[in-house]
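Heads up: the sequence shown at position 103 corresponds to 190 in my numbering, and the numbers run straight through without jumps.
Glycine residues also receive a C-beta, built at the ideal position from the N, C-alpha and C atoms.
Predicted model only: the values in this text are computed from it and were never measured.
Accompanying notes for the structure given below.
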Amino acid sequence: MNRVSTLSLAFLLSSYPAFPQVAASQSVVAISVPQIMEASCPVGLFAQHRGAGSIVQIKDRPATATLPLELQWDNHRAKDIVGASLLVRGYDASTRILPAGSTNTPQMKKVFDLKLNLSGNGKTTIDFVARSFATVSSIELQSIEYADGSKWNISKGESCRIAPNNLVLIGQR
């Protein structure tokens, strides 16, 4: 009986790979989008998934799943903000296969114009639903409209982009 146990253990251990089965020449690609907006941007923006999601019916299209976001705004300037334009990137609810390490860009992108009431150097939180998106991978600030009529637009080469926090809040605020 002891011999059978020893042989079984030897067989089990011999099937365990001693070294990783990855070629040394393969490289790993990591794409990272910050969760907090850069200091050069006129506002701070943080996006947090909120709730368990819902099914949304839009006109004559099939119902789609959507996950609401809580957008936390922090005005870095003394001027009141009345509007903002956001470029949202993400995916719809269709089935897809993406290879591990894929650098494909998100399938969908859409600009959303928001009305805001954010005082100078103030903070606010709003609920935001990106209709037709099942998941949001990044949010980029395109422009800000101030109460005095002036407007800030993103410059070429500048990045005011964040990724939503992956933690999903399911309780009340």
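Legend entry - 7 Å Cβ shell around Asp-235 - same chain, five flanking residues per side excluded: Lys-166
Legend entry - Helix, strand or coil at Glu-227 [DSSP, three-state]: strand
Inset, instruction - Select from Thr-212, Val-223 and Met-195 the residue whose C-alpha is nearest the C-alpha of Leu-203. - result: Thr-212
Inset, instruction - Let me know the secondary structure DSSP gives His-136 once reduced to three states. - result: strand
Inset, instruction - Count the other CB atoms, across all protein chains shown, that sit within 10 Å of the CB of Pro-186; report buried if there are 16 or more and exposed otherwise. - result: exposed
Inset, instruction - Identify whether Phe-220 lies in helix, strand or coil by the three-state DSSP scheme. - result: coil
Legend entry - Cutoff 6 Å; reference Ile-226; Cβ partners in own chain excluding five residues on either side: Ala-134, Leu-173, Val-175 and Ile-249
Inset, instruction - Starting from Met-195, trace the beta strand (DSSP E) both ways and give me its first and last residue. - result: 195-205
Inset, instruction - Could you work out which residue in Lys-210, Leu-201, Ala-221 and Asn-208 is closest to Arg-183 when comparing CA atoms only? - result: Ala-221
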